[in-house]
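Engineer: Below are the C-alpha cells for one structure; questions will follow.
Residue numbers (my numbering): 1 to 206.
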C-alpha cells in the first residue's frame with residue numbers, strides 16, 4: 001500500500017511539474033520581470049558584464065538557479081546575495097513565467113577578443129585530452145546554445161567577465177550548483193589564462 005501511495009504521489013507531482021512548465025506565460029513574465037531588468041536588461045541582455053545575460057537561456061536552468069540562490073544552495077557570492085531578497089517572494093508560477101519570458105528573448109553576441117579565440121576555441125571544441133579536460137561543446141553545444149533537457153545552460157554570447165567569474169567560482173568551490181561536480185572537476189584543471197581565453201571566445205559564440 002505504501003508503494004502504491006508513493007507511486008500515486010510521484011505521478012501527481014510529475015503531472016503538476018509538466019502542467020506548470022506547459023502553463024508558463026512569457027507575456028505575463030515580461031511584466032513580472034520588470035524589476036529584474038534593472039540588472040539583467042529589459043530583454044535579458046544585461047549592460048553590466050558582472051551580471052549574466054538571461055536572454056535565450058533555457059527556462060529550466062533559470063528556474064533552477066533562482067531556487068538555488070533563494071535556498072542558499074551552492075551559490076555563495078555577492079551577486080547571489082544581491083539577488084536573494086529580490087526573488088524571495090516569487091511563487092512557482094511567477095518564476096516559471098519570468099523564466100519563459102527570458103527564454104523567448106534573443107541573446108546578443110559580442111566580438112570575441114582576437115587573442116582569446118585560438119586557445120578558447122581549441123578548448124571549447126576539442127578539450128585537452130592530456131590534461132583530462134573534455135570538449136565544452138559536448139554539453140553546451142556547438143554554438144553554445146546549451147541543452148535544456150539535460151539542464152546544461154546556454155553559454156554562447158555571455159559576458160566574458162561573468163563567465164570567467166563563474167569558472168573561477170567553480171574552481172574554488174564557492175559555486176557548487178553543478179550536478180555530480182561536473183563543472184568543478186573541469187574548472188579545477190583550467191589555468192587563469194585558459195579561463196580568460198574560454199570566456200573571451202564564448203562571448204562571441206552564437
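A virtual CB, placed ideally from N, CA and C, is assigned to each residue, including glycine.
Return the first residue and the last residue of the alpha helix (DSSP H) that residue 98 is part of.
Structural biologist: First-last of the alpha helix (DSSP H) with residue 98: 92-103.
Engineer: Near residue 21, which residues of its chain fall below 6 Å by C-beta distance, leaving aside the five closest residues on each side in sequence?
Structural biologist: Confidence is the limiting factor: at residue 21 the pLDDT is only 48, short of 50, which leaves the residue's position unreliable, though a coordinate-based value still follows. Correct list: empty, nothing qualifies.
Engineer: Using 8 Å as the threshold, is the C-beta distance between residue 120 and residue 29 below it?
Structural biologist: No, these two residues do not count as a Cβ contact at 8 Å.
Engineer: When the Cβ atoms of the stretch 104-123 are set against those of the stretch 43-50, are three or more pairs found closer than 8 Å?
Structural biologist: In short, these stretches touch, since the Cβ pair count reaches three.
Engineer: Could you name the residues of the same chain whose beta carbon sits closer than 6 Å to that of residue 197, not counting the 5 residues immediately before and after it, in chain order?
Structural biologist: The answer, listed in chain order, is 116, 119 and 120.
Engineer: Give every residue of the same chain whose Cβ lies closer than 7 Å to the Cβ of residue 164, excluding the five residues on either side of it in the sequence, and list them in chain order.
Structural biologist: Excluding sequence neighbours, residue 164 sits near 195, 196 and 199.
Engineer: By Cβ distance below 7 Å, which residues in the same chain neighbour residue 189 in space, the five residues on each side in sequence not counted?
Structural biologist: Cβ neighbours of residue 189 beyond the five flanking positions: 131, 132 and 133.
Engineer: Relative to the C-alpha of residue 86, which candidate in 179, 160 and 40 has its C-alpha closest?
Structural biologist: If we check each option's Cα against that of residue 86, 40 comes out closest.
Engineer: On the DSSP letters alone, give me the boundaries of the alpha helix (DSSP H) that residue 32 sits inside.
Structural biologist: 26-32 is the span of the alpha helix (DSSP H), which, as asked, contains residue 32.
Engineer: With DSSP as the reference, label residue 73 as helix, strand or coil.
Structural biologist: In the structure shown, residue 73 sits in coil (DSSP, three-state: anything other than H, G, I, E or B).
Engineer: Hey, how far is the Cα of residue 154 from the Cα of residue 52?
Structural biologist: Each residue's alpha carbon lies about 11 Å from the other.
Engineer: Shortest alpha-carbon distance to residue 94 belongs to which of 182, 192 and 59?
Structural biologist: Nearest of 182, 192 and 59 to residue 94, Cα basis: 59.
Engineer: Tell me which residues share the same chain as residue 25 and place their Cβ nearer than 6 Å to its Cβ, disregarding the 5 neighbours each side in the sequence.
Structural biologist: If we look at residue 25 and ignore the five residues flanking it on each side, its Cβ neighbours are 97.
Engineer: Residue 84 to residue 38, Cα distance in whole Å?
Structural biologist: If I take the Cα positions, the gap works out to 15 Å.
Engineer: If we ignore side chains and look at the alpha-carbon of each, how far apart do residue 36 and residue 54 end up?
Structural biologist: For residue 36 and residue 54, the distance between alpha carbons rounds to 10 Å.
Engineer: Taking residue 159 as part of the alpha helix (DSSP H), name the residues at either end of that continuous run.
Structural biologist: No alpha helix (DSSP H) contains residue 159, which DSSP labels as neither H nor E.
Engineer: If you check the beta carbons only, do residue 56 and residue 109 fall under 8 Å apart?
Structural biologist: No, Cβ-Cβ distance for residue 56 and residue 109 is not below 8 Å.
Engineer: So, under 8 Å CB-CB, residue 177 and residue 75 are touching, yes? Tell me the CB distance rounded to an integer number of Å.
Structural biologist: Right, the Cβ-Cβ distance comes to about 6 Å (below 8 Å), so this counts as a contact.
Engineer: If you run the structure through DSSP and keep just helix, strand and coil, what is residue 21?
Structural biologist: Bear in mind that the predicted position of residue 21 carries a pLDDT of just 48, short of 50, making it unreliable; the figure below should be weighed with that in mind. It is helical.
Engineer: How big is the Cα-Cα spacing for residue 112 and residue 161?
Structural biologist: Distance between the alpha carbons of residue 112 and residue 161: 12 Å.
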